[in-house]
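The next block holds one structure in the form of structure tokens; read it before the comments.
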Amino acid sequence: MTSSGWVVVIILLTCVTCSLVGCFLVLRRSAMTADAVSHSVLPGIVFAFWISGGLNLFSAFLGAVGAGALTVGLTKWLTRFKLKREDAALGIVFPALFSVGVIWVSVAYRQVHLDTDAILLGEVLLAPFEQLQIGTTSLGPVSVWLLGPLLVLATGYLKLFQKELILESLDPSFAKVSAPAASQIGSGLTLLLCLAVVASFTAVGVVLAIALLIVPTAVGRLWTDSLRLLIWLSVGIACLAGGLGLFLAFGLNLSVSGRKGKSSLSPPMYWRSILRATGTTRRNAG
Amino acid sequence: MVDLLGDYTIRMVTIGSAIVGGLCGALGSFAYVRRQSLVGDVVGHAALPGVALAYLISQSKDLAVLMLGAGLTGLLALAVSILAVRYCKMDQGTAFASVLSTSFGVGVLLLSLIQQTHAADQAGLDRFLFGQAATLVEPQIITMAGVGTGALALMLIFFRPLVTLSFDPSYSRSTGLPVVGLESILLVALVSSVVVGISVAGVVLVAALLAAPAAAAHRWCTRFSTLVAVSAAFGALSGATGGFLSSTWANVPTGPLIILILTGLVIVSLLWGRRRTEPREVPS
């Protein structure tokens, strides 16, 4: 396959995975957790770099997932026992971890080129060139091998535990009584979130991964009240935005990740859906 | 120590960071009690397209111009997310995350446009991504202090009604307070403090400048006016310490160091603060 063909595959895989996980995140009202996780992966990547002595995608992946899990865990602990305010807890935890990462890079790895821009902003056009090799045969880009299994895992997990996840989002105390494993299943979702954020940094960068996670569902939510429909809608919207963004970016020769973030906003559909939702609200109130 | 403070760069960085810390600490306590601590995150990310636009239009890297651009897009983003919460029944976190990621996308896009058309000119704009206090000079400090004084003056003039609004919106509405006007005033003050904060801490870390001092101060006092003062003091203290230390140690960036000092303050306050448990909440 040509490298631009792989780019399309990577973008679409990222879009589908992120929007699927994002659906359940929005349902749990923890959209800002995605934002926090996406920032705090930096120290995890630096840690992996320090341990393994070089930047390879696999160890970076493990480190980043660890940092993401640490963020979620710390925030949960602070919210439950100490601060009682999730927004303040998030606003303290992820900048602290991010600071550790930035200071670590600038003190210890000044001469080494650890490209923070590429991690934060992403460069999908380079992704096809990092090939997975066994012996002498190359099996396709590494990021496809990360994203593909992740998509299968995410779909399986969400399908299997759909009932518990919905129950825990809508009525946490009832979920605690009726399904004792519900809160563990919820933690599993945040682990999926970490995986999705980290896997998509090759495609769109960690910051704009938030756009792919949250915006499709936020837009879709304005159109429907049915979860089944919402899932299909947000996957569709994400793929549309991804494809359109890629098309425009190739056409105009701009930063691919930047255009992708924007294209979820630019179709007039976004504004139409807001209008429609306010219309519905008004109908219900009248 | 006195000798070191005589050094121009060190003095400027210390003073600048102290101003930023104090300002964000004071206004952050309003965001804290309103459960909107992540406002800083939204405005911070949304400032990026503003900075790029201001540069594209004016072709200058004057801090005041860039800050104006940042403030305008920050305000716009915040207004959109608040309206989305109010009129589209969107969850606050969802609205914040959508708005901040899309506006950051626009910002990255504009930066890559600048990089292509004005080659190598992007250098001065990068400071807004991670913050760069080490290059602060006197005119920039005066600009920052000016904006900061404006924001603080707004907060102090309207202190009483703003407190009423933050703790009990429905009561304020029923007594005929101009709720929309007051809320706009608070937003303008918050956005200006965030924009000042960005030039030292960068768009990502500014969230903690707003959230952390108030969270730490809340462990030591019960009255809101004391909370504002203590939180401003915590902010200014860690700003000054971080600024001073980072300009004497080689290679340590200022913004992250300030945030780590603030985090330390939060940890100390959580462990040994006077009030270990959260008081009864005012229902909102």
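These protein sequences, in sequence, are chains A and B.
Using our numbering, you'd call the opening residue of the first sequence number 1 and step up by one each time.
Using our numbering, you'd call the opening residue of the second sequence number 1001 and step up by one each time.
Think of the CB as a built atom: it goes at the ideal place given N, C-alpha and C, for glycine as much as any other residue.
If you're wondering where the values come from, they're calculated on a predicted model, not measured in any experiment.
Using a Cβ-Cβ cut-off of 9 angstroms, Asp171 (chain A) does not count as an interface residue toward chain B, since no Cβ of chain B sits closer than that to its own. Secondary structure at Ser226 (chain A): coil, using DSSP grouped into helix, strand and coil. Listed along chain A are Arg85, Glu86, Asp87, Ala88, each with a C-beta nearer than 9 angstroms to that of Arg1035 (chain B).
The shortest CA-to-CA distance from Ala31 (chain A) to any of B:Leu1100, B:Ile1185, B:Ile1259 is the one to B:Leu1100. Taking every protein chain shown into account, the CB of Arg1160 (chain B) has fewer than 16 other CB atoms within 10 angstroms, so this residue is exposed.
Relative to the Cα of Gly1146 (chain B), the nearest Cα in the group B:Gly1044, B:Leu1271, B:Met1067, B:Leu1186 belongs to B:Met1067. DSSP places Ser52 (chain A) outside any beta strand (DSSP E); the residue lies instead in the alpha helix (DSSP H), whose first and last residues are 31 to 52.
Taking one beta carbon from each stretch, the stretch 1231 to 1248 of chain B and the stretch 1069 to 1082 of chain B have fewer than 3 pairs nearer than 8 angstroms; the two do not touch.
When secondary structure is reduced to three states using DSSP, Ser138 (chain A) falls in the strand class. By the C-beta density criterion, Trp6 (chain A) is buried, having at least 16 other C-beta atoms within 10 angstroms.
In this chain, the alpha helix (DSSP H) harbouring Cys1024 (chain B) covers 1008 to 1033. When DSSP assignments are scanned along the stretch 150 to 219 of chain A, the uninterrupted stretches of alpha helix (DSSP H) that are 4 or more residues long and fall wholly within it turn out to be 162 to 170, 172 to 178, 182 to 199. Around Leu1072 (chain B), the same chain offers Gly1050 as residues with beta carbons nearer than 7 angstroms, after the five sequence neighbours per side are excluded.
Contact between the stretch 1153 to 1172 of chain B and the stretch 1088 to 1098 of chain B is absent: fewer than 3 CB-CB pairs across the two stretches fall below 8 angstroms. Sorting B:Val1191, B:Gln1059, B:Ser1238, B:Ile1258 by C-alpha distance to the C-alpha of Leu1075 (chain B) places B:Val1191 at the top.
Residue state for Leu233 (chain A) is assigned as helix, using DSSP reduced to three classes. Against chain B, the CB of Thr33 (chain A) has a partner CB under 9 angstroms away; the residue lies at that interface. Close to Val1228 (chain B), with beta-carbon spacing below 9 angstroms, lies no residue of chain A; the smallest spacing is near 15 angstroms.
For Leu1072 (chain B), the uninterrupted alpha helix (DSSP H) segment begins and ends at 1063 to 1087.
A straight-line Cα-Cα distance of about 7 angstroms links Ser106 (chain A) and Pro1253 (chain B).
Fewer than three Cβ pairs drawn from the stretch 1250 to 1267 of chain B and the stretch 1036 to 1049 of chain B lie within less than 8 angstroms of each other, which leaves the two stretches out of contact. Using a Cβ distance threshold of 9 angstroms, Gly1197 (chain B) and Val1206 (chain B) count as a contacting pair. Taking 9 angstroms as the threshold, the shortest C-beta distance from Pro180 (chain A) to chain B does not fall below it.
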